[in-house]
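Contents: one structure, followed by commentary.
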Amino acid sequence: MSTEATARAFFAKPYFAVVGASANKAKFGYKIFAWYAYRNLPATPVNPGTAAIAVDGTDHKTIPNLGALPSPRETALSVITPPAVTIEVLREARKLGISAVWLQPGTFDNAVLTFARGPDGFESVVAGDGGRGSEGWCVLVDGDRALQANGKL
Numbered sequence: 309m310s311t312e313a314t315a316r317a318f319f320a321k322p323y324f325a326v327v328g329a330s331a332n333k334a335k336f337g338y339k340i341f342a343w344y345a346y347r348n349l350p351a352t353p354v355n356p357g358t359a360a361i362a363v364d365g366t367d368h369k370t371i372p373n374l375g376a377l378p379s380p381r382e383t384a385l386s387v388i389t390p391p392a393v394t395i396e397v398l399r400e401a402r403k404l405g406i407s408a409v410w411l412q413p414g415t416f417d418n419a420v421l422t423f424a425r426g427p428d429g430f431e432s433v434v435a436g437d438g439g440r441g442s443e444g445w446c447v448l449v450d451g452d453r454a455l456q457a458n459g460k461l
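One gets the numbering used here by counting positions in the sequence shown from 1 and adding 308 to each.
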């Protein structure tokens, strides 16, 4: 499946989670989570060290890990963590039945991609070269087009 198609499949899910979401507005973990909030998408921030993330004055309660998601099999996962953390997040996600992941630039290495795209990996993996930005597929750059393709924007 092409990455355009996997991006559309990613946004076909009814719920989203952002692992590595941050309350620090200068970090991509904040920018990615805020992107979901600005589009009124049902996104859950995942951060074990922060109780909530405020976007435009609205607090969004965080969860400490993926196991706290109410509907993991219906949730698509955006990841903004270093590769060593990403691989552990993906292992947990796979055990929970999450089938769609978007690995933001900088979150993966060859081992992470091999795990994510392997025979026991995920149905939809958005990651790597391509997209409209200079660093590869990023929800901030490529997300709106995939949302439009699903009639969610």
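Even for Gly, the Cβ is constructed at its ideal location relative to N, Cα and C.
Because the structure is a prediction, the values reported are computed rather than measured.
Hey, quick one: how far does the beta strand (DSSP E) through residue i stretch, first residue to last?
{"i": "L411", "result": "A408 to L411"}
{"i": "P353", "result": "A351 to V354"}
{"i": "T366", "result": "T366 to K369"}
Kindly indicate which residue of the options has the alpha-carbon position closest to the one of residue i.
{"i": "F319", "options": "K339, V409, P356 and D364", "result": "V409"}
{"i": "K403", "options": "L461, I388 and G429", "result": "G429"}
{"i": "A401", "options": "L385, A313, P391 and T415", "result": "L385"}
{"i": "V296", "options": "G441, C446, R440 and S442", "result": "Given a span of 309 to 461 for the chain in the structure shown, any question on residue 296 remains unanswerable."}
{"i": "S407", "options": "L374, T415 and Y338", "result": "L374"}
At what residues does the alpha helix (DSSP H) containing residue i begin and finish?
{"i": "F341", "result": "F336 to Y346"}
{"i": "K262", "result": "Any question about residue 262 goes unanswered here, given that the chain covers just 309 to 461."}
{"i": "I395", "result": "P391 to L404"}
{"i": "D452", "result": "V447 to A457"}
{"i": "T422", "result": "N418 to R425"}
Should residue i be labelled buried (16 or more other beta-carbon atoms within 10 Å of its own) or exposed?
{"i": "A331", "result": "buried"}
{"i": "Y346", "result": "exposed"}
{"i": "E444", "result": "Inspection of the sequence shows that residue 444 is occupied by Gly rather than by Glu. G444 should be labelled buried."}
Do residue j and residue i have their beta-carbon atoms positioned less than 7 Å apart in this structure?
{"i": "A376", "j": "L398", "result": "no"}
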